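Residues 4 to 130 (the numbering used here) make up the sequence shown, in order.
All C-beta atoms, glycine included, are put in the ideal place defined by N, C-alpha and C.
Treat the numbers as computed from the prediction; the structure is a model and nothing was measured.
Note sheet for the following structure.
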Amino acid sequence: MAATENARRLALIAAQAAADKKATDVVLLDVSEQLVITDCFLIASAPNERQVEAIVDAIEEKVREAGTKPVRREGAREGRWVLLDFVDLVVHVQHAEERSFYQLEKLWKDCPRIEFVDQNAPSDAAE
Numbered sequence: 004m005a006a007t008e009n010a011r012r013l014a015l016i017a018a019q020a021a022a023d024k025k026a027t028d029v030v031l032l033d034v035s036e037q038l039v040i041t042d043c044f045l046i047a048s049a050p051n052e053r054q055v056e057a058i059v060d061a062i063e064e065k066v067r068e069a070g071t072k073p074v075r076r077e078g079a080r081e082g083r084w085v086l087l088d089f090v091d092l093v094v095h096v097q098h099a100e101e102r103s104f105y106q107l108e109k110l111w112k113d114c115p116r117i118e119f120v121d122q123n124a125p126s127d128a129a130e
């Protein structure tokens with residue numbers, strides 16, 4: 004069974020919030036076939052702890068505006084890997100070094116990706 008529409012909607016809202024705060028390597032995964040505890044993972048990274056925190060705050064704010072609060076927030080004190088659990092969506096915002104070391108995308112490589120296009124990215128079209 005694929006991720007619910009609500010989970011996908013929240014994942015895309017969170018991904019855009021992350022991109023708006025300059026998160027890098029934003030990846031959305033549909034983990035619903037592999038896990039019973041959630042439908043989607045958002046994985047994003049940042050070059051420093053301050054940026055990790057800014058991204059996490061933006062995601063939490065935008066998803067809250069969409070009507071959902073996290074049931075758990077872990078790792079915020081250290082700022083190297085913060086996890087936000089929105090039940091249908093689990094967000095991992097990692098310092099670039101942690102992202103490289105733990106390679107969550109490889110761990111979940113069998114899960115389908117959810118397409119995300121940054122709405123504020125410059126267009127590639129040459130005029």
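With a CB to CB cut of under 7 Å and the five nearest residues on each side skipped, what residues in its chain are close to residue i?
i: Q122; result: Q19
i: G82; result: E52, V55 and E56
Rounded to a whole number of angstroms, what is the C-alpha to C-alpha distance between residue i and residue j?
i: P125; j: K25; result: 13 Å
i: A128; j: T27; result: Summary for A128: the model assigns pLDDT 49, below 50, so the residue's position carries little reliability, and this model does not support an answer.
i: Q97; j: V29; result: 11 Å
i: F89; j: A5; result: 17 Å
i: E130; j: E64; result: Unreliable placement is indicated for E130, whose pLDDT of 46 sits below 50; the coordinate value is still reported in the next sentence. Cα to Cα, the separation comes out at about 36 Å.
i: L13; j: L92; result: 7 Å
i: V85; j: E56; result: 8 Å
i: E101; j: S35; result: 24 Å
i: Q106; j: A79; result: 20 Å
i: E118; j: L31; result: 7 Å
Take the Cβ of residue i as the centre, count every other Cβ of all protein chains shown within 10 Å, and call the residue buried at 16 or more, exposed below.
i: S103; result: exposed
i: A21; result: buried
i: L110; result: exposed
i: L38; result: exposed
i: I40; result: exposed
i: P50; result: exposed
Sorted by chain position, which residues of the same chain lie with C-beta nearer than 6 Å to residue i's C-beta, five sequence neighbours on each side aside?
i: E8; result: none
Which partner residues does residue i have in the DSSP bridge list?
i: L97; result: A small fix is needed here, since residue 97 is Gln in this sequence, not Leu. The partner list for Q97 (beta bridge, DSSP) reads S48 and W84.
i: E77; result: L86
i: T27; result: S48
i: R102; result: According to DSSP, which records beta bridges pairwise, R102 is partnered with nothing at all.
i: D33; result: C43
Suppose the cutoff is 8 Å on Cβ atoms and the five residues either side in sequence are ignored; what does the same chain contact list for residue i look like?
i: A61; result: A20, A21, D23 and K24
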